[in-house]
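Asks: Residue numbers for the sequence shown follow our numbering, beginning at 8 and rising by one.
What follows is a single structure, and I will ask about it in a moment.
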Amino acid sequence: MIIQQGKLSQKQRKALAAQQKQEEEEKKKKELEEEETRKAAAQKQQNLAPPQWGPGKSGGGGGGGPPSKASDTASNASLVDAVIEEISAPGVSVVLRLEKLSEVSSWLDEKPGCVDSVERVSSALLCFKYLATSWISGTRLLEAFVLPRVARVMDLLADKKPSVRNAAEQFSKTLPVLVNAYAVKEVLMPQLFKVMGGKGGWQSKCGALTLLQSICQWPAVERQVASMLPEVVPMMADLMNDAKEAVRKVAADTAVAVCMAVQNKDIEALIPTIVDCNSHFERVPEAVTKLAEVTFVQTVGAGELAITTPVLLRGLRERSTPIKRKSALIVINMAKLVDEAREVGPFLKQLLPELEKQADAVADPDCREVVESAAVHLRRIRDRAVEEEESEGRQKKKDIRSKGISLRSLIPLEKREEVAEHSLRAALTKTLDTQADHDEIMKPTFESPVVPYVCTLAATLMADHQFDLSTWSNQIFMPYFCPLIIHDKGKAGSCCKDFENRCIEEANRIFFHLTGGETEAVEEEEEGGELLCDCRFSLGYGSKILLHQTELVLRRGHRYGLCGANGVGKSTLMRSIANGQLEGFPSPEELRTEYVEHDLDSSVVEISVLDLIFQYPKLRAMGLERQEAERVLGEFGFDAEMRKQPVSALSGGWKMKLALARAMLAKADILLLDEPTNHLDTTNVAWLERYLCSLSRVTSLIVSHDSSFLDNVCTDIIHYQGKKLKNFRGNLSAFVEVKPEAKAYYDLNACSVAFKFPNPASLDGIKSKVAPVVKLSGVSFSYPAFTEAHGRPVLQDVTVRLCLNSRVGVVGPNGAGKSTLIKLVTSEQLCDSGELTRHPNLRIAYVAQHAFHHVEQHLEETPYEYIMWRYAKEEDRENMEKADRKMTEKEMRAREEQQRQLDEEMEMTAEQSEEAAKAMLEKLGCVGGGLPTSSANGEGPAKAEEEEEGEDERVGEGKGVVSLMARRKKYRSYEYQVEWVGFKQKGWPLPSWHHRNELVRWGCKKLVNEIDAKIAAESGLQGRKLDRENVTAHCEDFGLDKELTNHTFVKMLSGGQKVKLVLAAALWSNPHLIILDEPTNYLDRDSLGALAAACKEFQGGVVVISHSREFVDTVCGEIWEVGGGRVKVTGGIWGEDKKKAGKK
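Encoded structure:
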């Protein structure tokens, strides 16, 4: 009877409320009594329960008994109590326990239509919730009954009955404790896919997503989920665009958690950004740009491609050409790191057609080339996948536990489960054969869901190459069979071992039957010396993959030569070791390493040599004594006086010695020597060889272009081969015997690389290639500090000549003045006395000893941008900074004063006559239309003030010459058009052409040099357009490909690649004379051979400073030997040996 409360009187309402209150109090009292009874029974069961083996699955309830059921209905509570009592009572038989669990799990399959069905369904859920969070021994058995029904549990979250929904919600929160990591792939995920891809309620989808998100944080589960990302990610993408907002939100969080399971450090920081693109397509360009900046070094498999493929496909379909190009470039970089080609097959079917489509549609040639290259890489992977399938198992393997065997693809799940069931039955039969109730136990056990469930777990372990006995024991055997049929821990352990061995033996039989594989004994060569390092790693720099899943093995006392082409990552590898960034390499506490720098930090160049040693943090921490520091520095040739000198006063060779001395003082286990012979003369190279060979307890890892040095020092060669490191015993000679294709390490003419130098145009008046274009006559130069220390100039009375046929090698010890001599030739320094003469149209390309200084201000630019900047004004900007053109501070002040005086003198009104102007010109010393007259002393219209710098520094400048406007040929010399200060703005045209010698006498030599250089540069660049196509082609002639030239920052280039860039930039002007100061530094052997060949074929002159006798002998026929302030010339046309022969 339904009472309508609105029609009751006030008295009736009060009576009814009192009655309801009394009923509620009685209900609470009854529930409290039931709770006390249940706690008492639980405590009794705890004392009588059989022991458990393996890891428990206790949940939030801990060991303090079952959770309270005060919120459950009375009928449900009684039914649950009855089930728990039957299952967990002491002494319950195996048969009864399994039967009751099967009965309760079957209740879940009922449709909650009638009252009884609703009660059974909700009771089953609450019963399983209690068992899952309790301490009783049957907890792990629940997995076999519950996990295959997870989809049903999720569906009940959206049931119309509130009691069923509430029970399902409570049980779903405890589901994670029932998940075995090895059941995720084959048991749980198919259930979740069924829900997430089905047409159930949004509550069901949210429940499935929440469960997946909660288990993804477990390491063992991560590996299983990662292997399923190709199926999971598309599902997540669909749910992130679901019509229900609640589903979209949970799906986005779950997608991030799922993708994190891939455990790839290259992309894990970008996973939230990538996932976000699945629902916000406008953010694709941002994601692609960030991905393009990633250095991919870890192996790329199906998981990584599953995450990135949706973004890459959308990036390729973007209208923006740069985004298309970046997407294709990402595909190329990732394709290089694919190990298992068969794994990525599904993604090839998506990416390859899109790339082929874009290759036909893209208009930009650069972008189209990258897209086509990406398609080529994917086709190679596709072909490799076919080869892998055809050759699978043909290699000789020991058994299925060997690396490289894909058991999951060779033996299907059903067959592996069959193997496991057969092996389990045999192992259990053997163990239980002596028990009287053997048959009574075995039959219900194998008829229950437990055995198929455990067999599925075993099949997963076999496919995942998990053959560790403890994993089999703790994860798939003892938690299920010890509480059930084997209560003795020793017997259980033996049975598990027998079970695993039978599985391996049976799977091997099937494997060898399918593949025809044979066993093979692996013999390893014994090596002497203590093992210092044995690590496996990948390495990248910028967007380039340098090494991929390679091994590095180093032993104490060995000296390893690290060989490979420029840009393969030799210096990057050693810096990664020194900075502790190499994966798997021993920590600094275990192994001390010292990296010997090419150049010392500019911040320390002003302190003394000895202070530099004591400022090194490692040496301070070691408590280095002054006596020891002075002793070691003395061994490197630093006497007491040199130890007091500032580091800036040292030559390149002495700076390298100082860096080596500092490394030796640090007493490292491993010395990392990057081009240690750079800047060292032959005497010091020989000393270094002897020193390194004497270090029996120190390991050396050496990068050097000096083949003789490597031959004399190395005990082993580590060679870069296809992004792998390959060890070879013996020195460089032994390595070349094994690898004849590496003979370029000995013979520069055997190189496989070619450089192409642009040929220069002819010079006016130069009819023969042996005619001199540069002359130094009686030249002297010195630095004040050097003269004070040595009592003589750096160079004195030097007379040399250069022509277009010159091939000059400048040799001599460190500090002799070789680089100074070249700076005089290039006018980077002005001589103190003597005369320098060179052809006005001569173009010189100069690559300095420390070549990186050319580009150190352009590290955030590409090579293309650097060359565009350098020649944007149709002249080499570096030439504009030379001393013979750059105005000194004194000259600038004098010019400003001169301008001021002339402005005062020439204040004239518009009415003043031309005669007044002529009078002013005469006053300045100009007659006959502006031709300056010579004074008595021949110095021009007015005697210039004497300057300390000499005649060329006088600031007469014709007493009014502001600039030279043009140049014209006259007879065998040139005349220059002069612009006079103040007359141009007054509107008086005064064309005045003057001979070169006149202008030089007046002190205008720098103005003459400036216009000569401009005209020479313009003539060199005529007919050569400064654009991307021409610059790219020019850089390719020097070994820099299009990608490096147009899309790689200078800071990302290797040392050798930077040298190539500097060479390319210097030679853009089509020079007549090339001057290379230590060109062998940083270049690999192939590049050295290419440089030598290009120098020999060049149609202009070449000057080389080098300690490499091999390079000098290959290129040069004339030698300038610098020493003691003098230059001795041998060979060539003007050598002293030729002069003596002529006199005879």
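All C-beta atoms in this analysis are idealised placements derived from N, C-alpha and C, irrespective of residue type, glycine included.
Source: prediction; values computed, not measured.
Between the Cα of residue 1160 and those of 764, 169, 344 and 272, spot the shortest distance and give me the residue it belongs to.
Replies: What is shown of the chain runs 8 to 1151, which leaves residue 1160 out entirely.
Asks: Once you ignore the five residues that flank residue 1084 on each side, which residues in its own chain have a CB closer than 7 Å to its CB?
Replies: 826, 829, 854, 855, 856 and 1112
Asks: Just confirm the distance between the C-beta atoms of residue 505 and residue 434, as a whole number of angstroms; I'd bet it's less than 8 Å.
Replies: Going by Cβ atoms, the distance from residue 505 to residue 434 rounds to 4 Å, so yes, they are a contact pair.
Asks: On the premise that residue 274 lies in contact with residue 330, defined as a C-beta separation below 8 Å, what is that separation, rounded to the nearest angstrom?
Replies: Their Cβ separation, rounded to whole angstroms, is 18 Å, which puts residue 330 and residue 274 out of contact at 8 Å.
Asks: Using a threshold of 8 Å, state whether the C-beta atoms of residue 850 and residue 1077 are closer than that.
Replies: yes
Asks: Cβ of residue 1126 within 8 Å of Cβ of residue 816?
Replies: yes
Asks: Please name the residue in 356, 212 and 224 whose C-alpha comes closest to that of residue 3.
Replies: The displayed coordinates of the chain run from 8 to 1151. Any statement about residue 3 would go beyond what the structure contains.
Asks: Under three-state DSSP, which class holds residue 876?
Replies: helix
Asks: Helix, strand or coil for residue 337 per DSSP?
Replies: helix
Asks: What is the C-beta distance between residue 723 and residue 567, in whole angstroms, given that I count them as a contact (C-beta under 8 Å)?
Replies: 5 Å
Asks: For residue 269, count neighbouring C-beta atoms within 10 Å of its own C-beta (all shown protein chains included) and say buried if the count is 16 or more, exposed if not.
Replies: buried
Asks: Which same chain residues, not among the five before or five after residue 187, have their C-beta less than 7 Å away from its C-beta?
Replies: 150, 464 and 482
Asks: Under 8 Å between the Cβ atoms of residue 859 and residue 1046?
Replies: no
Asks: Between the beta-carbon of residue 171 and the beta-carbon of residue 240, is there less than 8 Å?
Replies: no
Asks: Residue range of the beta strand (DSSP E) that residue 440 falls in?
Replies: In this chain, residue 440 is not harboured by any beta strand (DSSP E), its DSSP state being neither H nor E.
Asks: List the DSSP bridge partners of residue 602.
Replies: 679
Asks: For residue 111 and residue 418, what's the separation of their Cα atoms in angstroms?
Replies: 35 Å
Asks: Roughly how many whole angstroms lie between the Cα atoms of residue 1135 and residue 814?
Replies: Going from the Cα of residue 1135 to the Cα of residue 814 covers about 15 Å.
Asks: Could you pull out every residue in the same chain whose Cβ sits closer than 7 Å to the Cβ of residue 379, ignoring the five residues on either side in sequence?
Replies: 366
Asks: Please determine, among 760, 469, 439 and 847, the residue with the shortest C-alpha to C-alpha distance to residue 489.
Replies: Among 760, 469, 439 and 847, the Cα nearest to that of residue 489 is on 439.
Asks: Give me, in chain order, the residues of the same chain whose beta-carbon lies closer than 7 Å to that of residue 745; leave out the 5 immediate sequence neighbours on both sides.
Replies: 735
Asks: So, at 7 Å on beta carbons, what are the nonlocal neighbours of residue 1153 in its own chain, with the 5 sequence-adjacent residues on each side left out?
Replies: No statement about residue 1153 is possible, as the shown extent of the chain runs from 8 to 1151 and does not include it.
Asks: Leaving aside the five residues before and after residue 1148 along the sequence, list all residues of the same chain whose C-beta is less than 6 Å from its C-beta, in chain order.
Replies: Low confidence applies to residue 1148: its pLDDT is 48, below 50, so where it sits in the model is not reliable, and the reading given next is rough at best. Nothing meets the Cβ criterion.
Asks: Can you tell which of 786, 192, 669 and 706 has the C-alpha that lies nearest to the C-alpha of residue 677?
Replies: Nearest of 786, 192, 669 and 706 to residue 677, Cα basis: 706.
Asks: Three or more beta-carbon pairs under 8 Å between the segment 336-351 and the segment 298-317, yes or no?
Replies: yes
Asks: From this set, 169, 538 and 639, which residue's C-alpha is nearest residue 597's C-alpha?
Replies: 538
Asks: Whole angstroms are fine: how far does the CA of residue 834 sit from the CA of residue 1132?
Replies: 19 Å
Asks: Jot down the residue ranges of each uninterrupted alpha helix (DSSP H) in the segment 145-216, minimum 4 residues, whole runs only, in chain order.
Replies: List check, alpha helix (DSSP H) in window: 149-153, 157-163, 169-181 and 196-203.
Asks: If we count Cβ pairs, one from each stretch, closer than 8 Å, do we get three or more for the segment 837-846 versus the segment 773-790?
Replies: Output reads yes: the segment 773-790 touches the segment 837-846.
Asks: Near residue 427, what residues of its chain come up, given a Cβ to Cβ distance below 6 Å and the 5 sequence neighbours on each side ignored?
Replies: Excluding sequence neighbours, residue 427 sits near 462, 465, 466 and 510.
Asks: Nearest CA to the CA of residue 733: which residue from 316, 861, 558 and 1124?
Replies: Ranked by Cα distance from residue 733, the options 316, 861, 558 and 1124 are led by 558.
Asks: Within 8 Å, do at least three Cβ pairs link the segment 768-778 to the segment 790-808?
Replies: no
Asks: Inspect the CB distances between the segment 333-343 and the segment 246-263 and report whether three or more fall short of 8 Å.
Replies: no
Asks: Should residue 818 be labelled buried (16 or more other beta-carbon atoms within 10 Å of its own) or exposed?
Replies: Its Cβ being crowded by 16 or more others within 10 Å, residue 818 is buried.
Asks: Could you tell me whether the Cβ atoms of residue 831 and residue 786 are closer together than 8 Å?
Replies: yes
Asks: Am I right that residue 104 and residue 94 are in contact with their C-beta atoms under 8 Å? What's the rounded C-beta distance?
Replies: In this structure residue 104 touches residue 94 by the C-beta definition: roughly 6 Å separates them, less than 8 Å.
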